[in-house]
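Peer 1: In the numbering used here, the protein residues as written are 55 to 201.
Beta carbons: idealized from backbone N, C-alpha and C, even for Gly.
Just so you know, these numbers come straight off a predicted model, no measurement behind them.
Okay, structure coming up:
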């Protein structure tokens, strides 16, 4: 029975390492613990989970780290956040670890600073349609002064 590291299994599923760790903690994914306390996932468990998602098994993964594959495009079906603004990416500026994204929403502009990894993951480019999801504990309201 071949066992994969969590990272290799995440690559095989096409999900992030942290997402797979959460599945493990919730008990969705069965693992074997090594003597050092690390989680390992059997290929049979991977096949079971892929089948439960209606995805065929791709056969045996090579030992060690599985090669990265492009992730399938996913559609945002729903999200609990209600403050969502749909717009068009007007500008993406990347500098070091951070990136600035300007979204045109009607005749308004919204600027967000996110990580470079997020830009790479989302493959955001000028002209793309995107959704700004706003989660904040504070919202300020202002009114123009009467002239």
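1) Only counting the same chain, and skipping five residues up and downstream in sequence, which positions put a Cβ closer than 6 Å to that of residue 123?
2) Cβ of residue 95 within 9 Å of Cβ of residue 88?
3) Decide if residue 93 is buried, meaning its Cβ has at least 16 other Cβ atoms within 10 Å, or exposed.
4) If you compare alpha carbons, which of 173, 67 and 60 is closest to residue 91?
5) Spell out the partners DSSP gives residue 146 in its beta bridges.
6) What does a CB cutoff of less than 6 Å around residue 141 pick up in its chain, not counting 5 residues either side in sequence?
7) What is the rounded straight-line gap between the Cα of residue 102 and the Cα of residue 185?
8) In the structure shown, what three-state DSSP assignment does residue 105 receive?
9) Our contact map puts residue 178 next to residue 155 with C-beta atoms below 8 Å; I'd like the distance itself, whole angstroms only.
10) Sorted by chain position, which residues of the same chain lie with C-beta nearer than 8 Å to residue 144's C-beta, five sequence neighbours on each side aside?
11) Helix, strand or coil for residue 72? Go by DSSP, reduced to three states.
12) In the DSSP assignment, what residue or residues form a beta bridge with residue 17?
Peer 2: Based on what the coordinates show:
1) Low confidence applies here, because residue 123 scores a pLDDT of 44, under 50, leaving its location unreliable and the question unanswered by this model.
2) No. Outside cutoff.
3) Residue 93 should be labelled buried.
4) Of 173, 67 and 60, the residue nearest in Cα terms is 60.
5) According to DSSP, which records beta bridges pairwise, residue 146 is partnered with 155.
6) Excluding sequence neighbours, residue 141 sits near 157, 158 and 159.
7) Going by the C-alpha atoms only, they are around 34 Å apart.
8) In the three-state DSSP reduction, residue 105 falls in the helix class (H, G or I).
9) Indeed, because the Cβ distance is near 6 Å, the residues count as touching under 8 Å.
10) Cβ neighbours of residue 144 beyond the five flanking positions: 156, 157, 158, 163 and 180.
11) Helix.
12) The chain is shown only over 55 to 201; residue 17 falls outside these bounds and no answer can be derived.
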